[in-house]
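In the working numbering, the protein residues as written are 1458 to 1703.
Even for Gly, the Cβ is constructed at its ideal location relative to N, Cα and C.
Here the structure is a predicted model, which is why all the values come from computation and not from measurement.
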């Protein structure tokens, strides 16, 4: 009961961020809105390619990479009606985005390229290993990093999972980031399904990744209540305590 009361309060607060006039505006872009989707793809390219060129590691994507289309970063998953696209604007400027690939409709990227048997690895831990989704292509402008934008985006993704009856979502991370995620998984209840890293050569040659998952559960289930208490409510607290972008 407490978890549901918190959920309803948080959902009300999230709805306020979807008002077009809000300084920090969140929008789920419709599949047929080519202009806004292009805005997302250009933001990805800026963050993942152009900004990467200025980093110590440099840009890992060759010009003929399957996701690079001019000044956009996109692939076939972006064209699916079942894929969710979230776009966050600050004072009218696109500053962050994420997409969610719905694994109930298509094999996710790691399955397509046979990086890992995702559903086979999930099967021992969940009720339905076929009911999965994957947030990916998470990008945020440097100007808003360290603000409450990313927690807000995570909250909206959790809300999307519940609204679309997703029972589990998976996440891939660079192997060197695993210790940090393990630290936060103490409250987020993320579980690892990789004993050792796998290589995602098609995306970035030689890049080693690990994979974890979080159970969203069915509505009314213990798994759902646990997610609300260990993910949804803490993420909202984090969002509320962190500063908004200026």
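### Query
Between which two residues does the beta strand (DSSP E) containing residue 1553 stretch?
To locate residue 1553, count along the chain shown from 1; it is residue 96. From DSSP, the beta strand (DSSP E) with residue 1553 extends over 1550-1559.
### Query
Should residue 1596 be labelled buried (16 or more other beta-carbon atoms within 10 Å of its own) or exposed?
Here residue 1596 refers to the residue found at position 139 when the chain shown is read from its first residue. Buried, because 16 or more other Cβ atoms sit within 10 Å of the Cβ of residue 1596.
### Task
Pick helix, strand or coil for residue 1524, following the three-state DSSP scheme.
As a working mapping, residue 1524 is identified with position 67 in the chain shown. Note: residue 1524 maps to coil in three-state DSSP.
### Message
Going residue by residue through the segment 1611-1649, where are the continuous beta strand (DSSP E) segments of at least 3 residues, counting only ones entirely within it?
### Response
1625-1631
#### Entry: Enclosing beta strand (DSSP E) for residue 1541 [first to last residue]
By 1-based counting over the chain shown, the position of residue 1541 is 84. Per DSSP, residue 1541 belongs to the beta strand (DSSP E) from 1541-1547.
### Task
Helix, strand or coil for residue 1500, going by three-state DSSP, please let me know.
As a position in the chain shown, residue 1500 is number 43, starting the count at 1. It is helical.
### Task
Quick one: grab the DSSP three-state call for residue 1689.
Numbered from 1 along the chain shown, position 232 holds the residue referred to as residue 1689. Reduced to three states, the DSSP call for residue 1689 is helix.
### Query
Would residue 1634 pass as a contact of residue 1598 if the rule is Cβ separation under 8 Å?
For the purposes of this step, residue 1634 is taken as the residue at position 177 of the chain shown. For the purposes of this step, residue 1598 is taken as the residue at position 141 of the chain shown. The answer is no: Cβ separation not under 8 Å.
### Query
Can you round the beta-carbon distance between residue 1654 and residue 1687 to whole angstroms, since I take them to be within the 8 Å contact cut?
By 1-based counting over the chain shown, the position of residue 1654 is 197. By 1-based counting over the chain shown, the position of residue 1687 is 230. With a Cβ gap of about 26 Å, residue 1654 and residue 1687 do not count as contacting.
### Task
Return the first residue and the last residue of the alpha helix (DSSP H) that residue 1575 is part of.
For the purposes of this step, residue 1575 is identified with residue 118 of the chain shown, where counting begins at 1. From DSSP, the alpha helix (DSSP H) with residue 1575 extends over 1575-1579.
### Query
With distances taken between CB atoms, is the gap from residue 1606 to residue 1702 smaller than 8 Å?
Counting from one through the chain shown, the residue named residue 1606 turns up at place 149. Counting from one through the chain shown, the residue named residue 1702 turns up at place 245. For residue 1606 and residue 1702, yes; Cβs fall inside 8 Å.
### Query
Three-state secondary structure (DSSP) at residue 1699?
Counting from one through the chain shown, the residue named residue 1699 turns up at place 242. Here residue 1699 sits in coil by DSSP.
#### Entry: Exposed unless 16 or more other CB atoms sit within 10 angstroms - verdict on residue 1472
To locate residue 1472, count along the chain shown from 1; it is residue 15. Residue 1472 should be labelled exposed.
### Query
For residue 1482, which of 1465, 1544 and 1636 has the nearest alpha-carbon?
On the chain shown, residue 1482 is found 25 positions in, with the first residue counted as 1. Closest option to residue 1482, Cα to Cα, is 1544.
### Message
Under DSSP, the beta strand (DSSP E) around residue 1505 begins and ends at which residues?
### Response
Taking the first residue of the chain shown as position 1, residue 1505 is located at position 48. Element bounds for residue 1505: n/a, residue is neither H nor E.
### Residue closest to residue 1586, alpha-carbon to alpha-carbon, out of 1487, 1572, 1561 and 1566
Here the question's residue 1586 lines up with position 129 in the chain shown. Of the listed residues, the one whose Cα sits closest to residue 1586 is 1561.
### Task
Please classify residue 1523: is it buried, with 16 or more other beta-carbons within 10 angstroms of its beta-carbon, or exposed?
For this step, residue 1523 is matched to residue 66 along the chain shown. By the C-beta density criterion, residue 1523 is exposed, having fewer than 16 other C-beta atoms within 10 angstroms.
### Query
Is the number of C-beta pairs between the segment 1561-1581 and the segment 1504-1519 that are closer than 8 Å three or more?
Contact between the segment 1561-1581 and the segment 1504-1519 is absent, because fewer than three Cβ pairs lie under 8 Å.
### Query
Since residue 1672 sits in a beta bridge, which residues does DSSP pair it with?
Within the chain shown, residue 1672 is the residue found at index 215, counting from 1. Residue 1672 is bridged to 1625.
### Query
Considering only residues of the same chain and omitting the five flanking positions on each side of residue 1579, which have a CB-CB separation below 8 Å?
As a working note, residue 1579 is residue 122 in the chain shown. Result list for residue 1579: 1586, 1589, 1625, 1627, 1650 and 1670, in chain order.
### Rounded distance between the beta-carbons of residue 1659 and residue 1570, thought under 8 Å
Reading the chain shown from its first residue, position 113 is the one you call residue 1570. Reading the chain shown from its first residue, position 202 is the one you call residue 1659. Contact holds; Cβ gap of about 5 Å.
### Message
Here's a check: name, in chain order, each residue in its chain whose Cβ is nearer than 6 Å to the Cβ of residue 1685, leaving out the five neighbours to either side.
### Response
The count along the chain shown starts at 1 and reaches residue 1685 at position 228. Around residue 1685: 1460 and 1464.
### Task
Could you pull out every residue in the same chain whose Cβ sits closer than 7 Å to the Cβ of residue 1613, ignoring the five residues on either side in sequence?
For this step, residue 1613 is matched to residue 156 along the chain shown. Closer than 7 Å at Cβ, skipping near neighbours: 1471, 1483 and 1543.
### Message
I need the straight-line Cα distance from residue 1583 to residue 1591, nearest angstrom please.
### Response
Locating residue 1583 in the chain shown gives position 126, where the first residue counts as 1. Locating residue 1591 in the chain shown gives position 134, where the first residue counts as 1. Approximately 16 Å, taken between the alpha carbons.
### Message
On a Cα-Cα basis, can you pick out the residue from 1672, 1568 and 1551 that is closest to residue 1558?
### Response
Position 101 of the chain shown, counted from the start, is the residue given in the question as residue 1558. Nearest C-alpha to residue 1558: 1568.
### Query
Are the beta-carbon atoms of residue 1646 and residue 1622 separated by less than 8 Å?
The residue labelled residue 1646 in the question sits at position 189 within the chain shown. The residue labelled residue 1622 in the question sits at position 165 within the chain shown. Result no, Cβ atoms of residue 1646 and residue 1622 do not sit closer than 8 Å.
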